[in-house]
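In the numbering used here, the protein residues as written are 847 to 1297.
Every residue gets a Cβ at the ideal spot worked out from N, C-alpha and C, and that includes glycine.
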Amino acid sequence: METTSRCSPHDHQNVHLVIIGNGMASHRLIEALVKQPTRPQRITVIGAEPTPAYNRILLSPLLAGEMQQEALSLRDAQWYADQGVTLIVGEKVETLDRASQTLTTNSGRSLDYDHLVIATGSRPALPDIPGIELEGVHGFRDLQDAEALEAIAQQGGDAVVIGGGLLGLEAAEGLRKRGSDIKVSVLQRSERLMNRQLDVTAAHLLKDTLTQRGLQIITGAQLARLESDGQGRVTKVHLADGRQLNASSVIIAAGITANAELGRQAGLRTDRAIVVDEWLTTSDPTISALGECCQFKGTTYGLVEPIWRQVEVLAASLCGTPSQGYADAPSATKLKISGVALYAFGPTEASAEHDVLSYHDIGRGDYRRLLLRNGQIEGAVLYGDTSQGPWYFEQALAGTDLNAYRQALLFGGADVEVLREAASLHSPDSSELSSKHSSSKHSSHTTSEAA
């Protein structure tokens, strides 16, 4: 459904737009707005951190010593001034008065607004266990956290990372690379690493690679409590099965919690986050929410792709231009963990209705697994060589019937196109061609299975 804003473009230009939060989502929104001729002329952005927006995705290579902090910066303060945007950093909004449409920061600054965007992001989700408040327990979400973890790596000792997802593994690898005398353990509650993206085989390959590099990986680990040294600092991690690990520091990377407190305090509709409609509008029509602090149809967000689509919708709305509204859409996950490339989309577990194609080149360390239903790709996991990932995802989105090219699918788009071309030229039976083509690809280190 297409809609336009409730106000005319002229009205939009004259409003005072205030954006709370100066993270990646907020900055992307500002960059989209300043390109539009009908942009709000008064834009104020308030960030709690002392620096302008930066690329949080690069915190891991920063921790690992692979880049300098300056490389993370998205824009300097002068850029905001050049765009006619008022930038306030180092201040946190503490109260929001919807009746008077004003907000107050922790410095006592008061601002009025005509329209407000809450883009306050998220924070690490802390497990509800005794000792979580001890000194030496850290998150890994911002520049301050990265600085603290760098100091931990250089001091050495026993670091325990809670969480075997992307962020936890990157934090663990960063600590290992940066420190010369540090032992790093990763605790994962699930029985496999990155259980939301990887199947069992890919997760085992990743675990083996990281273990060979010096990380201790413990899966199926249920936290019980953190032990104090008697002076308020963490010294041990206790698991539910009785195991204990020495811990001079603990890094929490086991999910995120939306920073929705400001919305709750102001009486906005909230659940796990601030609830929005398809135009990112909250229960108050003068307030929008964006990114990790918002919830749409029960879904919260932690990946950039859906948030960038939210930005497009909200920017159009704020500029008074037509918009189709936001809708959730399938997305693929493309990751690189310490040089290991991963690509995944769709379900990670095969159902009884799935046709499973798998390929594992032991010598090269490449693995691919496709899930098909009625000849259409529904899910994929690629480990090592991920070059064909986007092509698989494209076919999945298009709902392409690939039954005729099934035996060539594991080798990617180029092989399938050869068979398509042959079929179009009335060449010999395509299934025979695909069988011969597939056989010629195999080496002594390669297995290809279909079930």
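Of all alpha-carbon atoms in N1220, A1162, S1270 and G1259, the one lying nearest the alpha-carbon of K881 is that of A1162. Under DSSP, the beta-bridge partners assigned to P970 are I1102. D1261 counts as buried, since at least 16 other C-beta atoms from the protein chains shown sit within 10 angstroms of its C-beta. K1082 carries a strand assignment under DSSP once its states are collapsed to helix, strand and coil. In the structure shown, G1137 adopts helical secondary structure according to DSSP, grouped into three states. With fewer than 16 neighbouring CB atoms inside 10 Å of its own CB, T1145 falls in the exposed class. Here I1063 is buried, its C-beta having at least 16 other C-beta atoms within 10 Å. Rounded to the nearest whole angstrom, the CA to CA distance from Q1043 to Q887 is 43 angstroms. If you look at V1150, you'll find it in the alpha helix (DSSP H) that goes V1150 to L1164. The shortest C-alpha to C-alpha distance from R1252 to any of F1239, R1266 and E1240 is the one to R1266.
Membership of I978 in any alpha helix (DSSP H) is not indicated, and neither H nor E is assigned to it by DSSP.
Rounded to the nearest whole angstrom, the CA to CA distance from K1143 to Q990 is 33 angstroms.
In the DSSP assignment, no residue is bridged to S1094. The Cβ-Cβ distance between G1230 and R1210 falls below 8 angstroms.
In the three-state DSSP reduction, T1116 falls in the strand class (E or B). For H873, same chain residues with a beta-carbon under 6 angstroms away, outside a window of 5 residues either side, are A899 and L920 in chain order. Pairing S1134 with L1160 gives a Cβ-Cβ distance under 8 angstroms. A1260 carries a helical assignment under DSSP once its states are collapsed to helix, strand and coil. F1191 and Q1001 have their C-alpha atoms roughly 39 angstroms apart.
For T1128, the secondary structure class from DSSP, reduced to helix, strand or coil, is coil.
By the neighbour-count definition (other C-beta atoms within 10 Å, threshold 16), K1182 is an exposed residue. The criterion of a C-beta distance shorter than 8 angstroms is satisfied by L980 and L1072. A check of alpha carbon separations from R944 across D1130, G967 and L863 identifies D1130 as the nearest. In the displayed model, D1087 falls within coil according to three-state DSSP, outside both helix and strand. With a contact defined as Cβ atoms closer than 8 angstroms, T1065 and G1010 qualify at about 7 angstroms. By alpha-carbon distance to N1041, the top candidate from G1020, R1059, G1014 and L1255 is G1014. At a Cβ-Cβ threshold of 8 angstroms, K938 and A894 count as neighbours.
With a beta-carbon spacing of about 24 angstroms, Y1189 and A1173 fall beyond the 8 angstroms limit used to define contacts.
Burial state of A917 is exposed, judged by a 10 Å Cβ sphere holding fewer than 16 other Cβ atoms.
For the set A1106, V1157 and N952, the Cα lying nearest the Cα of S1169 is the one of V1157.
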